[in-house]
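Residue numbers (the working numbering), protein chains in the order written: chain V, 125 to 383; chain Z, 125 to 383. Cβ atoms here follow ideal geometry from the backbone N, Cα and C, with glycine treated the same way. Predicted model, so just to flag it, every value in this text is computed and none were measured. Right, one structure below, let's go through it.
There are 2 protein chains.
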Amino acid sequence: MSSNPDTDEEKDRLFVGALARGLRVLAAFQPGEGALSNQVLAQRTDLPKSTVSRLTYTLTKLGYLSQDHDTGYYRLGLAVLALGSTVLGSYDIRRVASPLMREFALDNTISVSLGMRDGTDIVYLETCRSQARVSVQLTVGSRVPLASTAIGRACYAILSPAERAALAPELAQRYGGDWPAVAARLQASCEHYAQFGYSESFGEFERDVMAVGVALPSPVPGMPVVCLNASGPAFAFNAEAMRKQIAPALMQLARRIVP
Amino acid sequence: MSSNPDTDEEKDRLFVGALARGLRVLAAFQPGEGALSNQVLAQRTDLPKSTVSRLTYTLTKLGYLSQDHDTGYYRLGLAVLALGSTVLGSYDIRRVASPLMREFALDNTISVSLGMRDGTDIVYLETCRSQARVSVQLTVGSRVPLASTAIGRACYAILSPAERAALAPELAQRYGGDWPAVAARLQASCEHYAQFGYSESFGEFERDVMAVGVALPSPVPGMPVVCLNASGPAFAFNAEAMRKQIAPALMQLARRIVP
DNA sequence: AACGTAATTCCGCAATGCGGAATTGCTTAA
DNA sequence: TTAAGCAATTCCGCATTGCGGAATTACGTT
Numbered sequence: 125m126s127s128n129p130d131t132d133e134e135k136d137r138l139f140v141g142a143l144a145r146g147l148r149v150l151a152a153f154q155p156g157e158g159a160l161s162n163q164v165l166a167q168r169t170d171l172p173k174s175t176v177s178r179l180t181y182t183l184t185k186l187g188y189l190s191q192d193h194d195t196g197y198y199r200l201g202l203a204v205l206a207l208g209s210t211v212l213g214s215y216d217i218r219r220v221a222s223p224l225m226r227e228f229a230l231d232n233t234i235s236v237s238l239g240m241r242d243g244t245d246i247v248y249l250e251t252c253r254s255q256a257r258v259s260v261q262l263t264v265g266s267r268v269p270l271a272s273t274a275i276g277r278a279c280y281a282i283l284s285p286a287e288r289a290a291l292a293p294e295l296a297q298r299y300g301g302d303w304p305a306v307a308a309r310l311q312a313s314c315e316h317y318a319q320f321g322y323s324e325s326f327g328e329f330e331r332d333v334m335a336v337g338v339a340l341p342s343p344v345p346g347m348p349v350v351c352l353n354a355s356g357p358a359f360a361f362n363a364e365a366m367r368k369q370i371a372p373a374l375m376q377l378a379r380r381i382v383p
Numbered sequence: 125m126s127s128n129p130d131t132d133e134e135k136d137r138l139f140v141g142a143l144a145r146g147l148r149v150l151a152a153f154q155p156g157e158g159a160l161s162n163q164v165l166a167q168r169t170d171l172p173k174s175t176v177s178r179l180t181y182t183l184t185k186l187g188y189l190s191q192d193h194d195t196g197y198y199r200l201g202l203a204v205l206a207l208g209s210t211v212l213g214s215y216d217i218r219r220v221a222s223p224l225m226r227e228f229a230l231d232n233t234i235s236v237s238l239g240m241r242d243g244t245d246i247v248y249l250e251t252c253r254s255q256a257r258v259s260v261q262l263t264v265g266s267r268v269p270l271a272s273t274a275i276g277r278a279c280y281a282i283l284s285p286a287e288r289a290a291l292a293p294e295l296a297q298r299y300g301g302d303w304p305a306v307a308a309r310l311q312a313s314c315e316h317y318a319q320f321g322y323s324e325s326f327g328e329f330e331r332d333v334m335a336v337g338v339a340l341p342s343p344v345p346g347m348p349v350v351c352l353n354a355s356g357p358a359f360a361f362n363a364e365a366m367r368k369q370i371a372p373a374l375m376q377l378a379r380r381i382v383p
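Laid out in structure tokens, this is it:
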């Protein structure tokens with residue numbers, strides 16, 4: 125009867141399959157999309173139509189989905205937004221960091237972001253954009269790869285050897301044949317971080333975007349590490365400007381956020 | 125066996141109780157809180173401890189909760205944040221509105237917010253804060269009452285008579301004995317809106333905070349109405365400044381967002 | 001009116017999720 | 001070191017719940 129893809133979970137008597145299926149429906153919605161039909165939801169979740177109908181009915185009653193009166197299509201409901209903002213509100217560091225980040229973005233005409241590691245990704249907890257236009261408009265909740273971004277490399281640089289060892293299989297799976305080259309660049313970035321106190325990603329994650337990253341000192345016990353990223357367009361910031369001006373300012377911002 | 129509080133739902137064969145219970149666990153977390161124990165979750169959700177254990181186990185496996193290694197306490201996971209930001213990303217209007225709102229906040233040294241009606245509340249979809257300190261630090265996902273806020277009154281002002289009639293029982297239930305007085309103020313606000321094109325809330329929702337609200341024209345078909353709010357401290361903005369300077373500028377902003 | 005398709009509802013079935021009891025794990029006090 | 005207290009987890013018998021395929025309904029198009 126079960127349709128979980130993970131056979132370990134199929135045999136896991138503690139796992140609540142109906143809850144998992146319901147969340148799978150919510151997760152079927154992608155950023156930037158509008159409303160989805162039952163059929164699309166069934167396709168994306170690989171669930172039977174009657175199962176999807178029951179789940180969408182329940183989620184709509186609870187406010188996690190809303191149904192368009194005209195088309196019958198579904199979109200994520202405001203109850204989901206409430207949960208999302210509750211997550212953000214649970215990170216104390218954002219209250220301290222946000223005003224300082226806005227000031228930094230203004231003073232330096234650069235975008236600055238705060239993020240946290242989640243597996244081989246970094247998830248943005250806060251982002252303050254400069255007025256300059258850059259290609260990637262990353263927002264809170266966005267995920268970027270750890271291996272090719274300045275913020276990700278800063279996070280990786282302050283992992284313990286045990287944590288890096290635990291992460292290696294996930295990275296290897298993600299990068300496949302490219303992993304040796306990626307690993308070499310990560311190692312070089314660690315050395316750079318150890319020597320200079322910040323990491324770099326110049327045009328590697330996003331073409332023509334220059335970025336530096338810094339880890340916040342003394343993370344809260346029991347919490348994953350949190351890092352800062354400053355990024356701007358290559359036409360406005362050359363490598364020297366990033367190294368001589370932005371990187372020191374970002375390290376100073378980190379010290380102001382966590383004195 | 126069911127522990128749903130709504131007896132209609134208990135008898136509703138289409139309703140998926142396990143999903144509802146799982147979401148109830150997620151909704152137990154409040155903004156500004158950190159991690160919660162199993163016991164607190166059981167208390168807040170009114171579910172047996174073994175039920176909560178099973179649900180938190182499932183939610184943790186799926187990334188919707190994360191468990192602190194030291195204390196065993198739970199906090200909302202980053203998968204919830206992803207859903208929250210997907211909600212925001214599904215509102216096209218935010219992409220257009222956000223840059224214009226930031227510019228407005230800067231130019232006028234005032235906070236500006238975009239919100240949508242959800243029952244008798246307004247939910248914030250975007251907020252751009254001025255540098256001036258105000259008491260209420262509302263963020264995306266925040267709910268404010270429709271009846272006592274400028275943005276709420278603007279939303280109410282453009283509801284059809286049928287929509288207002290449908291909303292009246294919910295408002296009556298919310299305000300109880302105060303409802304007649306609240307209804308009178310809402311009615312007066314509608315008349316003000318009809319005459320001037322904006323609504324006011326001077327020190328009514330939050331002491332010493334002056335606010336005006338405007339509905340965006342021609343809402344997207346099938347979408348709830350979206351409104352703007354501009355608010356600042358009374359020491360910086362008296363009634364005349366709000367009426368002569370801010371309200372016209374906000375109406376102009378609305379026209380720039382939806383030409 | 002007929003057809004096609006999406007969506008919902010039905011219904012028989014048994015797996016799943018329930019909750020109280022039992023057990024485990026941890027901290028604190030004696 | 002031992003005992004007690006409490007939170008949290010796991011067990012387990014039970015039957016409700018949720019499943020998915022079939023049937024039905026709803027709607028748009030021809």
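#1: Using a Cβ-Cβ distance cut-off of 8 Å, determine whether Arg-199(V) contacts chain Z.
#2: Would you give the residue range spanned by the alpha helix (DSSP H) that Val-164(V) belongs to?
#3: Below 8 Å on the Cβ atoms is my guess for Val-236(Z) versus Asn-353(Z); work out the distance and round it to an integer in Å.
#4: Beta-carbon of Gln-369(Z) versus every beta-carbon of chain V: anything under 8 Å?
#5: What's the C-alpha gap between Val-149(Z) and Pro-223(Z)?
#6: Just curious, the alpha helix (DSSP H) that Arg-218(V) is in, first and last residue?
#7: Measuring straight from C-alpha to C-alpha, what distance separates Asp-242(Z) and Ser-325(V)?
#8: Specify the secondary structure class of Phe-359(Z) as computed by DSSP and reduced to three states.
#9: Report the option in Leu-205(Z), Glu-287(Z), Tyr-317(Z) and Thr-175(Z) whose CA atom is closest to the CA atom of Val-140(V).
#10: Count the C-beta pairs between the stretch 289-308 of chain V and the stretch 360-370 of chain V that are closer than 8 Å, then say yes if the count reaches three, no if not.
#11: Can you give me, in chain order, the residues of the stretch 164-184 of chain V that have a beta carbon less than 7 Å from any beta carbon in chain Z?
#12: Do Ser-323(Z) and Ala-289(Z) have their C-beta atoms closer together than 8 Å?
#13: Residue ranges of each alpha helix (DSSP H) run of no fewer than 4 residues wholly in the stretch 289-361 of chain V, ordered along the chain?
#14: To the nearest angstrom, report how far apart Gly-201(V) and Gly-265(Z) are at their CA atoms.
#15: With a threshold of 7 Å on Cβ separation, who are the neighbours of Phe-153(V) within its own chain once the five nearest residues in sequence on each side are excluded?
#16: Helix, strand or coil for Gly-239(Z) per DSSP?
#17: Looking at the C-beta of Thr-244(V), does it have a partner C-beta in chain Z at a distance below 8 Å?
#18: Spell out the partners DSSP gives Arg-267(Z) in its beta bridges.
#19: Taking the alpha-carbon positions, what's the Leu-310(V) to Leu-138(V) distance?
#20: Taking the beta strand (DSSP E) that Gln-369(V) falls in, what are its first and last residues?
#21: Leaving out five residues before and five after Gly-187(V) in sequence, what residues of the same chain have Cβ atoms less than 6 Å from its Cβ?
#22: Taking Cβ-Cβ distances shorter than 8 Å, what residues in chain V pair up with Pro-155(Z)?
#23: Roughly how many angstroms lie between the CA atoms of Glu-133(Z) and Leu-179(V), to the nearest whole one?
#24: Measuring alpha carbon to alpha carbon, tell me which residue in Arg-267(Z), Ser-254(Z) and Gly-213(Z) is nearest Asp-231(Z).
#25: Answer with yes or no whether the minimum CB distance from Gly-276(Z) to chain V is below 8 Å.
#26: If we cut at 8 Å on Cβ distances, does Thr-251(V) have a partner in chain Z?
#27: Anything in chain Z within Cβ reach of Thr-263(V), meaning under 8 Å, just list it in chain order.
#28: Going by DSSP, what residue range makes up the beta strand (DSSP E) through Ser-190(Z)?
#29: Closer than 8 Å by C-beta to Met-375(Z): which residues in its own chain qualify, once you throw out the five before and the five after it? Chain order, please.
#30: Against Leu-189(Z), what residues of chain V qualify as contacts under a CB-to-CB distance less than 7 Å, listed in chain order?
#31: Would Ala-286(V) and Ser-313(V) qualify as a contact pair, given that the criterion is a beta-carbon distance under 8 Å?
#32: Quickly, what does DSSP pair Tyr-198(V) with across the bridge? List them, please.
#33: Can the beta-carbon of Pro-155(Z) be found less than 8 Å from the beta-carbon of Ser-209(V)?
#34: Would you say Leu-202(V) faces chain Z, with C-beta separation under 8 Å as the test?
#35: Residues in the stretch 136-149 of chain V with C-beta within 7 Å of chain Z's C-beta atoms, listed in sequence order?
Taking the definition as stated:
#1: Mapped onto the first sequence, residue 199(V) falls at position 75. For Arg-199(V), the answer is yes, since a Cβ of chain Z falls inside 8 Å of its Cβ.
#2: Against the first sequence, residue 164(V) aligns to sequence position 40. Here the alpha helix (DSSP H) through Val-164(V) covers 162-169.
#3: Here residue 236(Z) corresponds to residue number 112 of the second sequence, with the count starting at 1. Here residue 353(Z) corresponds to residue number 229 of the second sequence, with the count starting at 1. Contact holds; Cβ gap of about 7 Å.
#4: Residue 369(Z) sits at position 245 when you count from the first residue of the second sequence. No, Gln-369(Z) does not count as interfacial toward chain V.
#5: The residue you call residue 149(Z) lines up with position 25 of the second sequence. The residue you call residue 223(Z) lines up with position 99 of the second sequence. Straight-line Cα distance between these residues: approximately 36 Å.
#6: By 1-based counting over the first sequence, the position of residue 218(V) is 94. Per DSSP, Arg-218(V) belongs to the alpha helix (DSSP H) from 216-232.
#7: Counted from its first residue, the second sequence places residue 242(Z) at position 118. Counted from its first residue, the first sequence places residue 325(V) at position 201. Each residue's Cα considered, the two are about 43 Å apart.
#8: In the second sequence, residue 359(Z) corresponds to position 235, counting from 1. Coil, per DSSP.
#9: By one-based count along the first sequence, residue 140(V) stands at place 16. It is Thr-175(Z) whose Cα lies nearest to the Cα of Val-140(V).
#10: no
#11: Arg-178, Leu-179, Tyr-181 and Thr-182
#12: Mapped onto the second sequence, residue 323(Z) falls at position 199. Mapped onto the second sequence, residue 289(Z) falls at position 165. No, Cβ-Cβ distance for Ser-323(Z) and Ala-289(Z) is not below 8 Å.
#13: 303-320, all fully within the stretch 289-361 of chain V.
#14: Here the question's residue 201(V) lines up with position 77 in the first sequence. Here the question's residue 265(Z) lines up with position 141 in the second sequence. Cα-Cα distance, rounded: 11 Å.
#15: Counted from its first residue, the first sequence places residue 153(V) at position 29. Once the five neighbours on either side are set aside, the close Cβ partners of Phe-153(V) are Leu-160 and Leu-200.
#16: For the purposes of this step, residue 239(Z) is taken as residue 115 along the second sequence, with counting starting at 1. Correct three-state label for Gly-239(Z): strand.
#17: One-based indexing of the first sequence puts residue 244(V) at position 120. With 8 Å as the cut-off, Thr-244(V) does not count as an interface residue toward chain Z.
#18: Your numbering for residue 267(Z) matches position 143 in the second sequence. Per DSSP, the beta-bridge partners of Arg-267(Z) are Val-247(Z).
#19: Here residue 310(V) refers to the residue found at position 186 when the first sequence is read from its first residue. Here residue 138(V) refers to the residue found at position 14 when the first sequence is read from its first residue. Here the alpha carbons of Leu-138(V) and Leu-310(V) stand approximately 38 Å from one another.
#20: Sequence index remark: in the first sequence, residue 369(V) carries index 245 (1-based). First-last for Gln-369(V): undefined, no H or E at that position.
#21: Taking the first residue of the first sequence as 1, we reach residue 187(V) at position 63. Taken in chain order, the residues that qualify are Gly-201 and Ala-203.
#22: Here residue 155(Z) refers to the residue found at position 31 of the second sequence. Here the neighbours are Ser-209, Thr-210, Gly-213 and Ser-214.
#23: Here the question's residue 133(Z) lines up with position 9 in the second sequence. Here the question's residue 179(V) lines up with position 55 in the first sequence. Note on Glu-133(Z): pLDDT 46, under 50, position unreliable in the model; the coordinate value appears next. Roughly 14 Å separates the two Cα atoms.
#24: The count along the second sequence starts at 1 and reaches residue 231(Z) at position 107. Out of Arg-267(Z), Ser-254(Z) and Gly-213(Z), Ser-254(Z) has the C-alpha closest to the C-alpha of Asp-231(Z).
#25: For the purposes of this step, residue 276(Z) is identified with residue 152 of the second sequence, where counting begins at 1. It does not; no Cβ of chain V falls within 8 Å.
#26: The residue labelled residue 251(V) in the question sits at position 127 within the first sequence. Residue-level contact check: Thr-251(V) does not touch chain Z, since none of the beta carbons of chain Z fall below 8 Å from its beta carbon.
#27: Indexing the first sequence from 1 puts residue 263(V) at position 139. Residues of chain Z passing the Cβ test: Ser-209, Leu-212 and Gly-213.
#28: Working through the second sequence from its first residue, we reach residue 190(Z) at position 66. Counting along the chain, the beta strand (DSSP E) containing Ser-190(Z) begins and ends at 189-191.
#29: Within the second sequence, numbered from 1, the residue matching residue 375(Z) stands at position 251. Contacts found: Gly-321, Tyr-322 and Val-338.
#30: Walking along the second sequence from the start, residue 189(Z) turns up at place 65. Going along chain V, no residue has its Cβ under 7 Å from Leu-189(Z), so there is no contact; the nearest lies around 10 Å.
#31: On the first sequence, position 162 is the one that residue 286(V) refers to. On the first sequence, position 189 is the one that residue 313(V) refers to. No, the pair does not count as a contact, with Cβ atoms beyond the cut-off.
#32: Indexing the first sequence from 1 puts residue 198(V) at position 74. Answer is Leu-160(V) and Gln-191(V).
#33: Your numbering for residue 155(Z) matches position 31 in the second sequence. Your numbering for residue 209(V) matches position 85 in the first sequence. Closer than 8 Å, so yes.
#34: Taking the first sequence and counting its residues from 1, the one referred to as residue 202(V) is at position 78. Output row for Leu-202(V): interface = yes.
#35: Cβ contacts with chain Z come from Leu-138, Phe-139, Val-140, Ala-142, Leu-143, Ala-144, Gly-146 and Leu-147.
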